[in-house]
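K.L.:
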């Protein structure tokens, strides 16, 4: 069965410093992995998607994630945080078809 | 183009009542999926419909049902509401049935008192 574990429930950074949101996955086959972002009172927006074409995936708003099979990890990074990046971030694995399995989420706070 | 639209945005119901939530997909999208997001948790898959047929169902009781109409819009029905059904219900649409990018609506906030 597929699952994801987000290792931090809350992450706090200063504006202009790097962001690292950690995610480990479990899958019985080569997974499709995603990162979604949810701003308050908003729906979910796709940041990026990994489907085995390249291990380093670039997404929107300067985010990227690296797929590491040996570590079963798919961590999300951004070189420099912006105040508008404050939101809830979800690591997601595909459960087949359009069924997505979400992690518990990481709340990112960005301080001036 | 309009994104995925859901109605109503907020709803308050009493235990034991029934509720219907509505979703209009992006034009041209034939697949609609429903997710439940309880406060403080990630969304959980409830249903997927494609071409008006149920294609997948999550681990939810039979009190939860859904359907998709010929125009690809969808309704989620929940009967005999429980306090634990209080959540944000998210609808997502996609062009295809498998591995197509999902586009989410802003959700319906259901409160059961």
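Chains as they are written, first to last, in the numbering used here: chain A, 1 to 112; chain B, 113 to 225. We put the beta carbon where it would ideally sit given N, CA and C, even for glycine. The model shown is predicted, which means the values in this text are computed figures rather than measured ones.
Taking 7 Å as the CB-CB limit, is residue 218 of chain B close to chain A?
P.N.:
Here the question's residue 218 of chain B lines up with position 106 in the second chain. For residue 218 of chain B, the answer is yes, since a Cβ of chain A falls inside 7 Å of its Cβ.
K.L.:
Return the first residue and the last residue of the beta strand (DSSP E) that residue 119 of chain B is part of.
P.N.:
The residue you call residue 119 of chain B lines up with position 7 of the second chain. That run of the beta strand (DSSP E) goes 117-119.
K.L.:
In angstroms, rounded to a whole number, what distance separates the CA positions of residue 61 of chain A and residue 23 of chain A?
P.N.:
Locating residue 61 of chain A in the first chain gives position 61, where the first residue counts as 1. Locating residue 23 of chain A in the first chain gives position 23, where the first residue counts as 1. Going from the Cα of residue 61 of chain A to the Cα of residue 23 of chain A covers about 19 Å.
K.L.:
Less than 7 Å between the C-beta atoms of residue 180 of chain B and residue 201 of chain B, yes or no?
P.N.:
On the second chain, position 68 is the one that residue 180 of chain B refers to. On the second chain, position 89 is the one that residue 201 of chain B refers to. No, they are not a contact pair.
K.L.:
Mind checking whether residue 109 of chain A and residue 26 of chain A have CB atoms under 7 Å apart?
P.N.:
Locating residue 109 of chain A in the first chain gives position 109, counting from the first residue. Locating residue 26 of chain A in the first chain gives position 26, counting from the first residue. No, these two residues do not count as a Cβ contact at 7 Å.
K.L.:
May I have the straight-line CA-CA distance separating residue 102 of chain A from residue 44 of chain A, to the nearest angstrom?
P.N.:
Position 102 of the first chain, counted from the first residue, corresponds to residue 102 of chain A. Position 44 of the first chain, counted from the first residue, corresponds to residue 44 of chain A. Taking the straight line joining both Cα atoms gives about 11 Å.
K.L.:
Please go through the same chain and pick out, in chain order, the residues whose beta-carbon is closer than 8 Å to the beta-carbon of residue 128 of chain B, but skip the five residues on each side of it.
P.N.:
On the second chain, residue 128 of chain B is found 16 positions in, with the first residue counted as 1. Correct list, in chain order: 192, 193.
K.L.:
Which value, in whole angstroms, describes the spacing of the CA atoms of residue 177 of chain B and residue 124 of chain B?
P.N.:
On the second chain, position 65 is the one that residue 177 of chain B refers to. On the second chain, position 12 is the one that residue 124 of chain B refers to. Taking the straight line joining both Cα atoms gives about 19 Å.
K.L.:
I want to see whether chain B comes within less than 7 Å of residue 98 of chain A, judged by CB atoms only; does it?
P.N.:
Counting from one through the first chain, the residue named residue 98 of chain A turns up at place 98. Output row for residue 98 of chain A: interface = yes.
K.L.:
Over the uninterrupted beta strand (DSSP E) stretch that includes residue 225 of chain B, give me the two end residues.
P.N.:
Here the question's residue 225 of chain B lines up with position 113 in the second chain. Here residue 225 of chain B belongs to no beta strand (DSSP E), and DSSP marks it neither H nor E.
K.L.:
Whole-angstrom Cβ separation of residue 145 of chain B and residue 204 of chain B, contact assumed at under 8 Å?
P.N.:
Here residue 145 of chain B is taken as the residue at index 33 of the second chain, counted from 1. Here residue 204 of chain B is taken as the residue at index 92 of the second chain, counted from 1. That belief holds up - the Cβ atoms of residue 145 of chain B and residue 204 of chain B are roughly 5 Å apart, short of 8 Å.
K.L.:
Can you tell which of A:1, A:42, A:73, A:71 has its C-alpha closest to the C-alpha of residue 219 of chain B?
P.N.:
Taking the second chain and counting its residues from 1, the one referred to as residue 219 of chain B is at position 107. Among A:1, A:42, A:73, A:71, the Cα nearest to that of residue 219 of chain B belongs to A:42.
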